[in-house]
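Number of protein chains: 2
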Amino acid sequence: MEIATSSKDAVRAQEPGVQPCRRIVPVILAGGSGTRLWPMSREQFPKQLIGVIGRDSLLQATVTRMEGFAGNFDVDAQPIIVCGEEHRFTTEEQVRLCGVDARIIVEPARRDTAPALTLAALAAIADDEDAILVAMPSDHCISNLAALHGAISIAAEYAERGMIVTLGVPPTRPDTGFGYIRIGEPLDDGAHLIDRFVEKPAAELAAQYVAAQSYWWNSGIFIVRASVWLAALQRLNGEMHATCTAALNDGKAEGHFIRPCPIQFGRVPSDSIDYAVMEHIGDARLPCKGVVVPLAAGWSDLGSWDAVWDAMDEDESGNVASGRVVFEGATASYVRSEGGRLVACVGTANVVVIDTDDAVLVADRAHAQDIKQLVTRIREQHAPEAQMHRKVRRPWGFYDSIERGERYQVKHIVVAPGARLSLQMHHHRAEHWVVVRGTALVTRGDDQFLLSENQSTFIPLGVRHRLENPGKVQLEIIEVQSGSYLGEDDIVRLDDCYGRI
Amino acid sequence: MEIATSSKDAVRAQEPGVQPCRRIVPVILAGGSGTRLWPMSREQFPKQLIGVIGRDSLLQATVTRMEGFAGNFDVDAQPIIVCGEEHRFTTEEQVRLCGVDARIIVEPARRDTAPALTLAALAAIADDEDAILVAMPSDHCISNLAALHGAISIAAEYAERGMIVTLGVPPTRPDTGFGYIRIGEPLDDGAHLIDRFVEKPAAELAAQYVAAQSYWWNSGIFIVRASVWLAALQRLNGEMHATCTAALNDGKAEGHFIRPCPIQFGRVPSDSIDYAVMEHIGDARLPCKGVVVPLAAGWSDLGSWDAVWDAMDEDESGNVASGRVVFEGATASYVRSEGGRLVACVGTANVVVIDTDDAVLVADRAHAQDIKQLVTRIREQHAPEAQMHRKVRRPWGFYDSIERGERYQVKHIVVAPGARLSLQMHHHRAEHWVVVRGTALVTRGDDQFLLSENQSTFIPLGVRHRLENPGKVQLEIIEVQSGSYLGEDDIVRLDDCYGRI
């Protein structure tokens, strides 16, 4: 038996105990909750769920990112998505609208990315697949899919043989917002062994990294066999491995959802993939090698409005506009009108303007990072605009509070075909419903009746009622609430098909 | 008889033919239609009708400006307001809310300020008063009313004796947006004879004017006896005098309104007070002298957002905010949230942000004048935001289009106590009405009935109907319109107490 004399030879060989497998399972890490793209992103409606670039949400773009993959591997048509409890219905709805049939692991609490990837690996293994997981953050943008597929097909070859592989982006500027990967010995196809992961640097250090040409940005995309990840984690953080396993074993399946046991999951330590595993590459406790494959595919983490702006095409004045926007002598201005209003910029330069139904942001480009502090401040002031949009998603559709007065409130309610609200009653308000689209099946007290477009009904205070959409098109109603107290918490739920009682 | 040897002596003497009169009639020139404060001002809702500074509109502030006048003259409690046809109801409503009983002259067409002052002078003379008119633009701001009253009481002494007097503002900067008055021989009490009126100068000339200390800004406030104005005009522009006289003679009175004949008024030549009369001071044709009295009373014409900003108190960072506004690292930013939304400024400097229900302006301070071009452009694009607000005033109150879908529209309708909409019908829409405040008297077909808070009714397509407020408090309803065409022009008016058929 020949002894391997270089790393190149070593990574060409199959790691002991790892069986060949040519199957890729996309894993979408969708547990993010950032508000750096406020006011488009909110705590209850994070970045991955919004259409930052184009019409599709970032989650939708990520879920369909492996479509058309022509590499030498089979891609599982059923990706695994890991998301938070509060976003599960929107996540499911958005994935459904892409025509993708996904397994959705719902985390009962936030525990960062390492437990998320661990749950996905355990779920894949439980399906008898020691597949190659391609784990991707759900809220990044990649403009050149062919280049991504190329990088993944190189990465998958290394992963298949038992390495932990990450995609690294050769840097174009000394960005202090990313972690960096110091590349080691060169391998085939432009790949390198990973020398080490380094944390977000200060500006001076970042400049040195870029000048040295031996540090790449950490894209957050990992390609690793399920068994390899689990073995590495077991050695480095046995507690995380054990608690994640227990949470999944004691969990339950509900339609598309895989729901780990909340009590067990509560015991899972929180950590990122980088901290829990990647920073230990080269560590004596880590049995497998780390490889980084270069990614030159127009990657952006869209980590601020400044980064989003960079990812967009500017006009000849350097302006970028979305929605009803008028420029008069403006240069280098990034403007989005999301609520249908007319946004006019006169003589502005280097500003970001984001107009939504209930909040407007005007920011100087150089201060885009300070939105984090801003959101912290408005959260402390209990402004609802930190938490949620005016339009609130529900498992059955959404409602939009279009007007509020002293003793009344007007909502536009949209119910998906086949969906139904809970059977409920209110102590403090009566409701008038006018159907403006589709057909409603109304339960009011002991009666049940249908209402079609241009018909209306009245739900007196204290009467139990339910709104359903029995039809094939969206149901839309205008609801006028009238009463002394109109808070969302004045709902007594008597029955609910989404388990919200 | 002694011969006057100096102007000082001359202006101390009563002009021949002018009888003594110690009565002041305030005249408010409210025909303005500027959009330089867009999006708060719109073509159909000009600057004087909005609360630029404080809660009261500029018109309201002007109408009550002579209150507490302690000079040696009687101020008529019934000012004369001259406004345009399209603003008459809002003007009347705003004046009523001040508790002022005014005579409102409604101009059937726009003809600039000279015909407006002429109509007011003719109306005053017709009431047997050859009073001292104090003519003031309705859309300026004056912060020190005592100083204004002081200047007016000096000016009125000169006016009483037959001079045409204007208030001039000693300039604090070489502004190119104002006309200037070259002051002549000094008189008593800081007044001067007017040497001549000069037009808005270029920057260099403006700087020379300010350095020379002999040019004051033209405030647009004139103090003159009705008979003196009319005599001057007759000599300088006999056609304007004759046509204005004919228009008023053939006009009619309607409640508070004095309505000149539209046909006669259509013949009136258009001109400003400055061009028609003031620039002829010293002219052989002009029999009376011109006097300028200094005004140091915090005067501003609020001619742009920049000027408005100057009139406001800034915080220690140079920021000015109105409504729900949050600053994060912002300096020198002027921000108004007029629609209840949260407006956040991060790291901005020298920007103006004006947020309204349907339009948002973000402007660099130095380019505040370019809003004129902007509004011209959006008008050419037929954007409704150039013309009107989302909230539309009507003689009976207002409506606000709070939501619009493909085949429905939701309006919040507010009807003043005692007011009634026209008896009407629609060819293309049905309406659902829900009363959320007050009591409605509803006519529907041949029926009439009352609806109180939390009651509703349905007006089928084609059925004639009327909404009235028989009560003592505001009536508020939510109207859901449903139909294939929802334009404002689908109203067949069968009867209207405001003469709109």
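Top to bottom, those sequences are chains A and B.
In this text, residue positions in the first sequence follow full-length UniProt numbering: the first is 1, and each later residue adds one.
In this text, residue positions in the second sequence follow full-length UniProt numbering: the first is 1, and each later residue adds one.
We put the CB at the ideal spot given by N, CA and C, even for glycine.
Alpha-carbon spacing of Ile-266 (chain B) relative to Thr-113 (chain B), whole angstroms = Sequence check: residue 266 (chain B) is Gly here, not Ile. Going from the Cα of Gly-266 (chain B) to the Cα of Thr-113 (chain B) covers about 15 Å.
Report yes if the CB atom of residue 506 (chain A) is closer than 7 Å to the CB atom of Ser-138 (chain B), and no otherwise.
-> Here chain A covers residues 1 to 501 and nothing more, so residue 506 (chain A) does not appear.
Out of A:Ser-422, A:Leu-37, A:Arg-437, A:Phe-449, point me to the one whose CA is closest to Ile-491 (chain A)'s CA.
-> A:Ser-422
Note down, in chain order, every chain B residue with its Cβ under 9 Å from the Cβ of Tyr-408 (chain A).
-> Val-434, Val-436, Arg-437, Glu-453, Asn-454, Glu-476, Ile-478
Run through DSSP, which three-state label would Gln-455 (chain A) get?
-> coil
Continuous beta strand (DSSP E) assignments of at least 3 residues falling wholly in the region 392-477 of chain A | DSSP runs (the beta strand (DSSP E)) wholly in the region 392-477 of chain A: 397-404, 408-415, 423-425, 429-437, 439-444, 447-452, 456-459, 465-468.
Which chain B residues are close to Leu-374 (chain A), counting only those with a beta carbon under 7 Å from its beta carbon?
-> Val-326, Glu-328, Ala-344, Val-346, listed in chain order.
Select from B:Val-410, B:Pro-460, B:Val-415, B:Ile-459 the residue whose C-alpha is nearest the C-alpha of Val-436 (chain A).
-> For the residues B:Val-410, B:Pro-460, B:Val-415, B:Ile-459, the minimum Cα distance to Val-436 (chain A) belongs to B:Val-410.
Does DSSP classify Ser-49 (chain B) as helix, strand or coil?
-> It should be pointed out that residue 49 (chain B) corresponds to Leu in this sequence rather than to Ser. Residue state, collapsed to three classes: helix.
Distance CB(Phe-197 (chain A))-CB(Met-136 (chain A)) smaller than 7 Å | With a cutoff of 7 Å on beta-carbon distance, Phe-197 (chain A) and Met-136 (chain A) are scored as not near each other.
Counting only beta-carbon atoms, is His-367 (chain B) nearer than 7 Å to chain A?
-> yes
Would you say Glu-403 (chain A) faces chain B, with C-beta separation under 7 Å as the test?
-> yes
From Gln-369 (chain A) to Leu-37 (chain A), what does the alpha carbon distance come to, in whole angstroms?
-> 10 Å
Please look up how many angstroms separate the CB atoms of Pro-39 (chain A) and Ala-359 (chain A), rounded, as I've assumed it's under 8 Å.
-> 4 Å
In three-state DSSP terms, what is Lys-372 (chain B)?
-> helix
What is the rounded straight-line gap between the Cα of Ala-30 (chain A) and the Cα of Arg-493 (chain A)?
-> 30 Å
For Ile-378 (chain A), which of helix, strand or coil comes out of DSSP?
-> helix
So the beta strand (DSSP E) Gln-354 (chain B) belongs to, where does it begin and stop?
-> First, the amino acid is wrong: residue 354 (chain B) is Ile here, not Gln. Its beta strand (DSSP E) spans residues 349-355.
Residue burial classification, Arg-14 (chain B) (beta-carbon count within 10 angstroms, cutoff 16) | According to the sequence provided, residue 14 (chain B) is Gln. The question's Arg does not apply to it. Exposed: under 16 other Cβ atoms inside 10 Å.
Counted within 10 angstroms of its Cβ, other Cβ atoms place Val-63 (chain A) as buried (16 or more) or exposed = buried
Mind checking which residues open and close the alpha helix (DSSP H) that includes Pro-384 (chain A)?
-> In the DSSP annotation of this structure, the continuous segment of the alpha helix (DSSP H) that includes Pro-384 (chain A) starts and ends at 384-387.
Go through the region 139-205 of chain B residue by residue and report every complete run of the beta strand (DSSP E) that reaches 3 residues or more, in order.
-> 164-169, 180-186, 192-198
Quick one: is His-465 (chain A) near chain B, going by C-beta distance under 7 Å?
-> No, its Cβ sits nowhere closer than 7 Å to a Cβ of chain B.
Distance between Asp-128 (chain A) and Gly-68 (chain A) (C-alpha atoms, nearest Å) = 25 Å
Buried versus exposed, by CB contacts within 10 Å (16 or more), Ile-152 (chain A) | So Ile-152 (chain A) counts as buried.
Within 7 Å (strictly less), CB to CB, does Ala-359 (chain A) reach chain B?
-> yes
Could you pull out every unbroken alpha helix (DSSP H) segment of at least 4 residues lying fully inside the region 75-128 of chain A, listed in chain order?
-> 88-97, 113-126
Compare the beta carbon distance of Arg-336 (chain A) and Asp-357 (chain A) with 7 Å and say whether it is the shorter of the two.
-> no
Can you find at least 3 beta carbon pairs, one from the region 118-127 of chain B and one from the region 152-167 of chain B, that sit closer than 8 Å?
-> Not touching, per the Cβ criterion.
With a floor of 4 residues, list each alpha helix (DSSP H) that falls wholly inside the region 207-258 of chain B, ordered by position along the chain.
-> 226-236, 238-249
Tell me, please, which residues DSSP counts as bridged to Ile-28 (chain B).
-> B:Ile-81, B:Met-136
Identify the contact partners of Ser-482 (chain B) in chain E, using a Cβ-Cβ distance below 9 Å as the criterion.
-> Going by chain labels, chain E is absent from the structure shown, which instead holds the protein chains A and B.
Tell me, which residues are paired with Glu-328 (chain B) by DSSP?
-> B:Val-346
Which partner residues does Arg-23 (chain B) have in the DSSP bridge list?
-> B:Asp-74
Cut-off 7 Å between Cβ atoms - residues of its own chain near Glu-385 (chain A), not counting five sequence neighbours on either side = Pro-39, Asp-358, Ala-359, Ile-378
Phe-222 (chain A) burial status per 10 Å Cβ neighbour count (16 or more: buried) | buried
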